[in-house]
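Peer 1: If you want this note's numbering, it's the position in the sequence shown, counting the first as 1, plus 158. For glycine and all other residues, C-beta sits at the position ideal for the given N, C-alpha and C. A quick note: this is a predicted structure, and the numbers were derived from the prediction, not measured. Structure incoming, see below.
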Amino acid sequence: MVTPAPAYRGRLAPSPTGHLHLGHARTFWVAAERARAAGGTLVLRSEDLDAVRFRLDFAAAMLEDLHWLGLDWQEGPGVGGPHAPYEQSARRPLYRAALERLHAAGLIFPCTRTRRDVLEAIGAPHEGAGPDDEPVYPREFRPPAGAPLPPLGATIGVNWRLRVPDGEELAFTDGRLGAQRATAGRDFGDFLVWRRDDVPSYQLACVVDDAAMGITEVVRGDDLVRSTFRQLLLYRALGAAVPAFYHCPLLRDALGERLAKRHDALSLRTLRGQGVTPAELRARFAAAEG
Ligand code: GLU
Numbered sequence: 159m160v161t162p163a164p165a166y167r168g169r170l171a172p173s174p175t176g177h178l179h180l181g182h183a184r185t186f187w188v189a190a191e192r193a194r195a196a197g198g199t200l201v202l203r204s205e206d207l208d209a210v211r212f213r214l215d216f217a218a219a220m221l222e223d224l225h226w227l228g229l230d231w232q233e234g235p236g237v238g239g240p241h242a243p244y245e246q247s248a249r250r251p252l253y254r255a256a257l258e259r260l261h262a263a264g265l266i267f268p269c270t271r272t273r274r275d276v277l278e279a280i281g282a283p284h285e286g287a288g289p290d291d292e293p294v295y296p297r298e299f300r301p302p303a304g305a306p307l308p309p310l311g312a313t314i315g316v317n318w319r320l321r322v323p324d325g326e327e328l329a330f331t332d333g334r335l336g337a338q339r340a341t342a343g344r345d346f347g348d349f350l351v352w353r354r355d356d357v358p359s360y361q362l363a364c365v366v367d368d369a370a371m372g373i374t375e376v377v378r379g380d381d382l383v384r385s386t387f388r389q390l391l392l393y394r395a396l397g398a399a400v401p402a403f404y405h406c407p408l409l410r411d412a413l414g415e416r417l418a419k420r421h422d423a424l425s426l427r428t429l430r431g432q433g434v435t436p437a438e439l440r441a442r443f444a445a446a447e448g
């Protein structure tokens, strides 16, 4: 007997750290189109863990902007659904349970090095900002394998990192980019799962949620391909099924620079104020390469 493929479940996972930008909007539009074409369900999850950067007014504006653009989701903040809550800030117990599992399995270690220590040790400047910008963690900073782990404690005050299997080659087939490969310990190193300000890392929260919400395909920007390899290790460590991945090209401006949130002129709000219509934007997204 053939087991039917699970119904398509996609997600939009915006971070309410600023006004929704054209570049992100295109990725979300692609995600929504893929869910629609598959006759699937689209989930909206607000990635609002970062209390410093997160602002309530941005979260409301983000949902409003996505609706204005014509995107619709069947589960999410305000809509509800079987996997509520859909705000990461309300899902901390799930992340904590996953952290405890990694701790019990001895797969993580505490790290008191600063970002500057790491950058000095690798002797290279590191540019970029975002969830995917972690430099390769120096091996000499790692405690020896098998060293007893201190307890996590109720409140976490150090960084906890996943010890990656050095030299292991990881692979997945991307829906748009085709075969992808990376080597643990070379292309990415021991990465953060929990921060010393007691906030789960993007990598951990994302995997816990995509698994718990039954997401079958993750559509996101191709700046996150390296994160996908890190996340493959977390799926394995947590015994969760790995979804399919589809990484979209990021829209670039006329100078070839990635559109980023700091280009305020290209926020959906600004364009809307200038009289740009959702239909015009969707046509522009459909015409963009990829
Ligand atoms: N929250 C991330 C963003 O807004 C997306 C992360 C993901 O799709 O996995 O860029």
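Inspect the beta-carbon positions of residue 193 and residue 166 and report whether they are closer than 8 angstroms.
Peer 2: Yes.
Peer 1: Helix, strand or coil for residue 419? Go by DSSP, reduced to three states.
Peer 2: In this predicted model, residue 419 has a pLDDT of only 46, less than 50, meaning its place in the structure is not dependable; the value taken from the coordinates is given anyway. In this structure, residue 419 counts as coil in the three-state DSSP scheme.
Peer 1: Any heavy atom of the ligand ATP closer than 7 angstroms to the CB of residue 173?
Peer 2: As for the ligand ATP, it is missing from this structure, which binds only the ligand GLU.
Peer 1: Could you have a look at residue 287 and say whether DSSP puts it in helix, strand or coil?
Peer 2: Only weak support is given to the placement of residue 287: the predicted model assigns it a pLDDT of 47, under 50, and the question is left unresolved by the model.
Peer 1: Could you name the residues of the same chain whose beta carbon sits closer than 6 angstroms to that of residue 442, not counting the 5 residues immediately before and after it, in chain order?
Peer 2: Here the set comprises nothing.
Peer 1: If we count the other Cβ atoms within 10 Å of its Cβ and call it buried at 16 or more, is residue 161 buried or exposed?
Peer 2: Residue 161 comes out exposed.
Peer 1: Please state if the CB of residue 198 and the CB of residue 168 are separated by a distance shorter than 8 angstroms.
Peer 2: Taking 8 angstroms as the Cβ cut-off, residue 168 and residue 198 qualify as a contacting pair.
Peer 1: Going by other Cβ atoms of all chains shown within 10 Å of its Cβ, with 16 needed for buried, is residue 347 buried or exposed?
Peer 2: By the 10 Å Cβ count, residue 347 comes out buried.
Peer 1: Give me whichever residues DSSP pairs with residue 402 in a beta bridge.
Peer 2: Answer by DSSP bridge pairing, in chain order: 375.
Peer 1: Give the straight-line distance between the Cα atoms of residue 352 and residue 433, rounded to the nearest whole angstrom.
Peer 2: So the two alpha carbons sit approximately 43 angstroms from each other.
Peer 1: With a 10 Å radius around its C-beta and 16 neighbouring C-beta atoms as the bar for buried, classify residue 291 as buried or exposed.
Peer 2: It counts as exposed.
Peer 1: Contact defined as beta carbons within less than 8 angstroms: I believe residue 213 pairs with residue 171. What is the distance between those atoms, to the nearest angstrom?
Peer 2: In fact, because the Cβ distance is near 17 angstroms, the residues do not count as touching under 8 angstroms.
Peer 1: Which class does residue 184 belong to by DSSP, given the choice of helix, strand or coil?
Peer 2: Helix.
Peer 1: Helix, strand or coil: which one does DSSP assign to residue 179?
Peer 2: Three-state DSSP puts residue 179 in a strand.
Peer 1: Could you tell me the boundaries of the alpha helix (DSSP H) in which residue 383 lies?
Peer 2: Where residue 383 is concerned, the enclosing alpha helix (DSSP H) stretches over 383-396.
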